[in-house]
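Enquirer: Supplied in structure tokens, the structure appears directly below.
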Amino acid sequence: MKKLKTSIIVGLGVAMLVGCFPKASEVIRSLPVENKEQILAKYSESEIAEGKVLFTNNCAKCHKQKEPETRTPEQWNNTLKRMIPKAKLNDRDGQLVRAYLIVNAKEA
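The sequence shown runs 1 to 108 under this note's numbering.
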């Protein structure tokens with residue numbers, strides 16, 4: 001009986017943790033990998049500059065920041081799908097960070 005009770009408590013704890021883990025919004029998860037030209041056509045210079053500020057102010061809180069040119073746009077896109085929710089960025093701010101990183105990413 002004690003093992004059953006312990007198993008139920010552990011199972012409920014795991015279920016709560018999984019339910020509380022941040023997930024990327026549908027907008028962030030559905031973003032295609034865009035190239036530098038597509039981003040520049042879609043975002044203004046001031047929006048890309050805002051993305052840099054958001055990147056600098058949010059990403060360094062938890063870990064050492066990677067320089068944008070250390071990854072390709074595809075690599076950044078995959079990373080950001082995980083990291084934007086962890087940084088608790090809204091969709092707009094997440095898109096601006098993504099735009100800044102892709103514009104400054106290394107060539108694929």
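All C-beta atoms, glycine included, are put in the ideal place defined by N, C-alpha and C. The structure displayed is predicted, hence computed values, not measured ones.
Within 10 angstroms of its Cβ, does N57 collect 16 or more other Cβ (buried), or is it exposed?
Expert: So N57 counts as exposed.
Enquirer: Can you tell me whether L31 is helix, strand or coil according to DSSP?
Expert: Correct three-state label for L31: coil.
Enquirer: Output the boundary residues of the alpha helix (DSSP H) element that contains Y100.
Expert: That run of the alpha helix (DSSP H) goes 91-103.
Enquirer: Relative to the C-alpha of K42, which residue among K106, E107, R92 is closest?
Expert: Out of K106, E107, R92, R92 has the C-alpha closest to the C-alpha of K42.
Enquirer: Output yes if chain C places a C-beta closer than 8 angstroms to the C-beta of S44; else output no.
Expert: Of the protein chains in this structure there is only one, and it is not chain C.
Enquirer: Would I28 pass as a contact of I84 if the rule is Cβ separation under 8 angstroms?
Expert: Going by C-beta atoms, I28 is nearer than 8 angstroms to I84.
Enquirer: Helix, strand or coil for C62, going by three-state DSSP, please let me know.
Expert: The answer is coil: DSSP assigns C62 none of H, G, I, E or B.
Enquirer: Could you pull out every residue in the same chain whose Cβ sits closer than 6 angstroms to the Cβ of V97, ignoring the five residues on either side in sequence?
Expert: Only G51, L54, F55 meet the Cβ criterion.
Enquirer: Roughly how far, in whole angstroms, is the beta-carbon of I9 from the beta-carbon of V103, given that I think they are within contact range, below 8 angstroms?
Expert: Actually they do not touch by this definition, with Cβ atoms about 49 angstroms apart.
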